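The opening position of the sequence shown corresponds to residue 6 in the working numbering, with each subsequent residue numbered one higher.
Glycine residues also receive a C-beta, built at the ideal position from the N, C-alpha and C atoms.
Source: prediction; values computed, not measured.
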Amino acid sequence: MKTSELLNILRENPELGLEFEIESGKFIKPTFHITEVKNATIESVDCGGNPDSYKQTIIQLMVNPLEKMRKPWTSKKALDIFDKVELLKPMDAEAEVFFEYGDLEMRTSNFSVEDVLFADGNIRLELFAKPTVCKPSLNPNAKQCC
């Protein structure tokens, strides 16, 4: 999902709650915080010697295990944070968006958005961790790979 797609969904539904499903039926606790928004530029060379450059928006989520339940997040609350980011360090609208999350039970990973559902007054972002891949193997015209 592109950053612009996420922001558009949130802007179109400011009154809806916001929740994250990281595995089937397993949700990030609603006491999460958006702790950081990273605008990342990746400069890479793959195993076939092919240079690449791309951007990512990485939204870091954290749950404080000591925090008691509070009012759940809304799209508007998330947008307030993203609007501050836009003023200070504008996000690339075309960059793929990732959610960085980990806790005491799960190692920190970057999750992509697999699907967006609207249910029970919430926007549910279904997340998944993409597996690593040999990029040249995805290109039938690649001359070499690992």
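DSSP three-state label for residue i, please.
i: R16; result: helix
i: S29; result: coil
i: A45; result: strand
i: V138; result: coil
i: D85; result: helix
i: L71; result: coil
i: T40; result: strand
i: L21; result: coil
i: L109; result: coil
i: E10; result: helix
Can you give me the C-alpha to C-alpha distance between residue i and residue j, rounded to a whole angstrom?
i: T2; j: C52; result: Residue 2 is absent from the model: the chain starts at 6 and stops at 151.
i: V121; j: E26; result: 10 Å
i: D125; j: E20; result: 12 Å
My understanding is that residue i touches residue j, with C-beta atoms under 8 Å, so please give their C-beta distance in whole angstroms.
i: E24; j: N127; result: 5 Å
i: P77; j: P35; result: 4 Å
Stretch pair the segment 133 to 146 + the segment 35 to 55: three plus CB contacts closer than 8 Å: Output reads yes: the segment 35 to 55 touches the segment 133 to 146.
Can you find at least 3 beta carbon pairs, one from the segment 7 to 15 and one from the segment 81 to 89, that sit closer than 8 Å? With the rule of 3 Cβ pairs closer than 8 Å, the segment 7 to 15 counts as touching the segment 81 to 89.
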